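As you go down the protein sequences, you meet chains A and B in turn. Basically this note's numbering = 1-based index in the first sequence + 1044. Basically this note's numbering = 1-based index in the second sequence + 5. Quick reminder that beta carbons are idealized off the backbone N, C-alpha and C, glycines included. Predicted model only: the values in this text are computed from it and were never measured.
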Amino acid sequence: NAGVTQTPKFQVLKTGQSMTLQCAQDMNHEYMSWYRQDPGMGLRLIHYSVGAGITDQGEVPNGYNVSRSTTEDFPLRLLSAAPSQTSVYFCATRGKTGELFFGEGSRLTVL
Amino acid sequence: GQQVMQIPQYQHVQEGEDFTTYCNSSTTLSNIQWYKQRPGGHPVFLIQLVKSGEVKKQKRLTFQFGEAKKNSSLHITATQTTDVGTYFCAGRQGTSYDKVIFGPGTSLSVIP
């Protein structure tokens, strides 16, 4: 079992470019979420999904889009990247007792 | 909205010393979770507390949930270099089971 897989691990973008961070899981968890991590600010929830076809906003959703067409995948889209979106992004699923399982992270730099 | 705070932000200890991090919420929590993140790694689940006043132990780690369910603590006895990392508490926002809000974390350094 791979658990939660994020790609790419590293990405450099120019301001205004678009890209998609991929997240895939093989644990058959209904719940998936995206967090961003910035120094001194912990992990902030961007968007989450409680199942295929259902998404909702977290604490910091602006500038990000998500969709959930399958149980396994939960991509995060940046339509027009800004330097403020430079961060480490983590995808997480939720187990039966509520614990979160995180991927290894995607480090994004926007120039 | 709900805020989850942690103190201290950083802690440097000599190996063998004890360490405690505190987590405080502006609202009552339905439960609280603790995670550890090693440098360069991803957060890893440690434990979940649900009941008021609950205390749980994992070897040298002791977790406590406050009576009012608005605060929690993590205590490490006799720290080791393997304890290095950032410790996060996390709670559910309001009545939503699905919004898990993290504190800013406490970064622990252990001097051998």
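Starting from S114/B, trace the beta strand (DSSP E) in both directions and tell me its first and last residue.
T111 to I116
Using Cβ-Cβ distances below 9 Å, what residues of the segment 8-25 of chain B are close to chain A?
V9, Q11 and Q14
On a Cα-Cα basis, can you pick out the residue from A1068/A, M1076/A and Q1055/A that is closest to P1127/A?
Q1055/A
Since Y1003/A is in the beta strand (DSSP E), which residue starts that stretch and which ends it?
Nothing about residue 1003/A can be read from this structure; chain A reaches only from 1045 to 1155.
Using a Cβ-Cβ cut-off of 6 Å (strictly less than) and excluding sequence neighbours within five positions of Q1061/A, which residues of its own chain qualify?
A1125
Do P1083/A and L1065/A have their CB atoms nearer than 9 Å?
no
According to DSSP, is Q53/B helix, strand or coil?
strand
Among residues of its own chain, excluding the 5 on either side of F97/B, which ones have a beta-carbon nearer than 7 Å to its beta-carbon?
Looking at the sequence itself, residue 97/B is Arg, so the reference to Phe does not match. For R97/B, where only same-chain residues beyond five positions count, the Cβ hits under 7 Å are L34, S35, N36, K104 and V105.
Looking only at C-alpha atoms, which of Q38/B, T32/B and V115/B sits nearest to F1145/A?
The residue from Q38/B, T32/B and V115/B with its alpha-carbon nearest to that of F1145/A is Q38/B.
When DSSP labels each residue in this structure, what does T1064/A get in the three-state scheme?
strand
Answer yes or no: do N76/B and Y27/B have a C-beta to C-beta separation smaller than 9 Å?
Closer than 9 Å, so yes.
Is G71/B close to chain A, meaning its C-beta is less than 9 Å from at least one C-beta of that chain?
Using a CB distance cut-off of 9 Å, G71/B does not count as an interface residue toward chain A.
Near L90/B, what residues of its chain come up, given a Cβ to Cβ distance below 7 Å and the 5 sequence neighbours on each side ignored?
The sequence shown places Gly at residue 90/B, not Leu. The answer, listed in chain order, is K41, Q42, R43, P44 and L113.
Give the residues from the segment 1061-1084 of chain A that approach chain B closer than 8 Å (Cβ to any Cβ), ordered along the chain.
Y1075, S1077, Y1079 and G1084
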